[in-house]
Amino acid sequence: MTAAQIPRQQVPPATGPWHTASTEAVCAALDVDPAVGLTSAQVAERRARYGPNALAEERKEKPWQAFLRQYRDLMQLVLVGAAVVSIIALGDVTTGVVVLGLTVLNALMGLHQEGKAAQSVAALQQMLVMTATVRRDGRQEQVPAEELVPGDVVGFEAGSKIPADGRLLVAASLEIEEAGLTGESTPVAKGVETVVAEDAPLGDRTDMAYMNSQVTRGRGEMVVTATGMTTEVGRISGMLSGVEQDKTPLTRQLDRITVIITVMAAIALVVVVVLGLVRGEDFDSLFVVGISLAIAAIPTGLPAVVTMLLSLGTRRLAEEGAIVKRLKSVETLGSTSAICSDKTGTLTLNQMTARRLVLAGRRFSVDGEGYSTTGRILAAAGSTDVPLEPVALPLALASDAVVRDGECIGDPTEGAVVVLAAKAGLDVEETRAEHPRVAEVPFDAAYKFMATFHDIDGVLTCFVKGAPDVLLARSSRYLTADGGTAPLDDDARARVVAENDALAGEGMRVLAVARRTVGRDELSGELLDAVRDLELVALVGIVDPPRREARDAIAECRDAGIRVRMITGDHVTTAAAIAGQLGIEGRALTGAEFAAMSDAQLEAEVGEIGVVARVAPEDKVRLVDVLKRTGDVVAMTGDGVNDAPALTRADIGVAMGITGTEVTKDAAEMILTDDNFATIVAAVEGGRGLYDNLMKYIRFQMVVLVGFILTFVGAGIFTVAGGTPLTPLQILWVNFAIDVLLAIGLGFDAATPGLMRRRPRPPTEPVIGRGLGVRLAVGGVLIAVGSLVAVAWGEADADLAVATTMGLTAMSLLHVVAALEWRDPRASILSFETLANGRFVVLLLASLGLTFLVTTLDGLQRIFGTVDLDGGQWGVCALVALAFLVLAELGKLVLRQVDRHRGTPANAGALTRVAPAPVSPAQV
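Per the numbering used here, residue -1 is the first one in the sequence shown, and the count goes up by one each step.
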């Protein structure tokens, strides 16, 4: 289904947004009686008018379109042009067909990797058909959620997923988790009372339920107000089509290299033709030679090598838990300088956990994470022992959640207190079986507590769990440290309020527990009246804890010069507290404060911002845009629908594979199969290593390119071998038999030490700086001189066949030396590290072996026009290679001496230490 096939018409609210209208007004506007529901005729008419209740799917790319997309790469287009010129201008069909075949091979390699990534993404998706309980024609029935229409009356209960947007008609102790839409980690208490504020954010529209959110407690009923692409989820999904995607840093840099190479080849062509015309040679023959040189100068293996490098990178990342959907996104991670991360489920566990227990004026800390019952309740040194069973009983009995095998069924906050009861030594299930409820007051947002009544050894006891201020108002006594009871006087109340404020200041959600012995006659009356004169037992501080590995990963990001920011829909106090625990630097802003800042102010102050809370999807996109304008390469992580537009706008979008929504996975460039923020750091390191190795290859490719061009130009100037020192097929042999092996050795080299202590490279940083360009040019001159000396020697000593064979041999040996020398632009090759990478050494030896075979095997001699060389001729070729090695080593020695004199590390060209960032704790 495509966007074009889904009608976008929406039922207009009667007056203002739906959440500001009463239930009666909403039902009247939708022409439905909630007691009866829509009639079959109304359903059929509305389905035809509004379409299915489904999100629009992106148009699938046809295979031929995906194939042609591979040719958007500038180097691919240059190679196609070279092949066409070779066939038409030179009449060299063989060379042209070979080059065209290489472009096809490169395109197929890219498609293959994208196909594997798509299969991995499809394997993550759980194709479950959602159903809905709907009232139609006065009857309850189950229908596929896709068949819902505006005006349908839908019922749901704990565990259900909301199938569409709707105005609540019934809310019995109803709580709904909307983290995927709003980013808020705790469920929202819902009611039917009208929300007056028209501009109320989604998280504050307590009279509405939204598509794809999860019911965690109670039951409810709603009238559907929006379906499909007109829902809040659909609106965010629709934003993705209007978000532009930029080229990756690697694509931009390869485009620059391609332009440089093309310009160099064009200049060389002009130089050869002009010099020949000055000498009075024929233009047509000069043009043919010039075109041959231009084709020789184009590194036909570059796209294939880059694709192989990126493909290897994607496979390595997949083994570590990251699926990359586009090859070049691997490298983008390596240049990332800013990560904007969602909090809930990405930096935190999305599992509410009790962290503090305040009992009888004593504070206890609770370790362990999530819904695992493994953990301890730790008292401060010197504290007397306090019995924990009086706390554990109300926690276990006045809760409905069930926790088994690390999974919570029910309300996440209740799951946290049930786990706390287990850590206190209580067998929760056995306790519930021994002391069943005889009555209960279910939780309701109107009175903000839940009370259950149990027969405990013949004594009827009421256990209460709820908001601290409410239970404090209903309490008259409190539990003392020795298990006794004491009056809750003004001083005691002040201490309770202070403890509550302290826990809230740490970003925790605070619950109070209390108890009371009741008479059996009280059960026959209004149960709410029995919840009075309570004995306050304890306060519990609950938080969605940060992932332990995320804290370490953020510290590693800081060392790597990468700035991490938290972007969340949660409250600013909670977000700032979590940010402080994670080590995220900078001040915390609310979404309203962020939105009120002008672009100029935001660009000036964005470096000071570490947290943006209660943020809208549009503001996430704006933050990404601002960071990109200030020169950052931005990665955005998230799992909720509200993260999807920003994921698309970022340089690299990273979605969670387990908790992430399908909209988010579709929008992302990379999916984490383990939902682990730390995997991003591993991906960054992998991307940096990939780029570092790619730069090794590009340095090598550029120095031999200069050597190729100057060899042909020099041959034309000095009339060496008739201006053609190598034949076209010999050029292809060097490019693919020799250079590709060397490129694989460089591209798949071991990672350079200290990669994660470098500052991220700026996106505008040139691929080849001025100093490096001069050195590459000098290296190219040396290669050209060595090659021409060998060709001239052979031409004077024997004939043209020997001369070109010596040119092929000398150039191959010079390329091997260039690979060794330009593997590291400063370090000497006369060290153990040169031999440490066995694969690189094997490939060097293979290149030397092929250089020998092409001059000795009869079949290769006939194909490439080579002949046998004698010992003296081999000696000349080896001598020019040795001279190049000695001169290159001398040049590096001089550079190292200069660096030492300046106090610069010897590997400064490859490693830049990150200066410690100023630490400023997250603050509100």
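Glycine is no exception: its CB is placed at the ideal position from the N, C-alpha and C atoms. None of the values given here were measured: they were computed from a predicted structure.
Residue i (DSSP reduced to helix, strand or coil)
i      : result
GLU504 : coil
HIS452 : strand
LEU509 : strand
SER397 : coil
MET595 : coil
ALA370 : In the sequence as displayed, the identity of residue 370 is Ser instead of Ala. Coil.
THR657 : coil
THR131 : strand
PRO161 : coil
PHE461 : strand
ALA648 : coil
GLU763 : coil
SER171 : strand
GLY408 : coil
Interface flag, residue i vs chain C, CB-CB below 8 Å
i      : result
GLY870 : In the displayed structure, chain C is absent; only one protein chain is listed.
Cβ pair residue i, residue j closer than 8 Å
i      : j      : result
ALA143 : ASN210 : no
VAL384 : ARG361 : no
MET809 : LEU867 : no
ALA551 : VAL679 : yes
VAL222 : VAL147 : yes
LEU526 : TYR445 : yes
ALA790 : VAL718 : yes
GLY423 : LEU391 : no
PHE746 : ARG837 : yes
GLU173 : GLY216 : yes
LEU53  : GLY226 : yes
LEU806 : VAL732 : yes
LEU501 : ARG354 : yes
LEU858 : VAL852 : yes
ALA414 : ILE540 : yes
VAL652 : ALA642 : no
Of the residues the options, the one placed nearest residue i, counting alpha carbons only
i      : options                           : result
LEU885 : ILE827, ASP868 and LEU848         : ILE827
VAL213 : ALA177, MET227 and THR229         : ALA177
ARG514 : LEU469, THR192, ASP442 and ALA681 : LEU469
TRP16  : ARG215, ASP205, GLY889 and LEU600 : ASP205
LEU509 : ARG472, PHE447, GLU524 and ILE454 : PHE447
HIS569 : GLN349, GLU59 and ARG507          : ARG507
GLY889 : GLY863, LEU774 and ARG860         : LEU774
GLY684 : ILE255, VAL82, THR312 and PRO161  : THR312
GLY771 : ASP542, GLN74 and ILE255          : ILE255
VAL682 : ARG759, ARG620, ALA644 and LEU625 : ARG759
VAL439 : ALA449, ALA431, GLU432 and GLY752 : ALA449
Distance between residue j and residue i (C-alpha atoms, nearest Å)
i      : j      : result
GLY605 : GLY584 : 8 Å
VAL261 : ILE715 : 20 Å
ARG697 : ASP672 : 37 Å
VAL878 : GLU887 : 14 Å
ALA263 : ILE707 : 7 Å
ALA735 : ARG900 : 42 Å
THR371 : VAL417 : 5 Å
GLY578 : THR635 : 19 Å
ARG556 : GLY567 : 24 Å
THR459 : PHE451 : 6 Å
VAL874 : SER327 : 46 Å
MET754 : THR662 : 28 Å
MET220 : GLU43  : 20 Å
GLY797 : LEU786 : Residue identity check: residue 797 is Asp in the sequence provided, not Gly. Those two C-alpha atoms are separated by around 15 Å.
GLU819 : ARG549 : 40 Å
VAL322 : SER333 : 16 Å
THR750 : ASP623 : 32 Å
In DSSP terms, what residue i is bridged to
i      : result
VAL439 : ALA449
PHE362 : LEU355 and ALA377
SER473 : LEU532
MET634 : CYS338 and GLY651
LEU424 : Bridge partners of LEU424: none, in fact.
MET564 : SER339 and VAL609
ILE540 : ALA352 and ARG507
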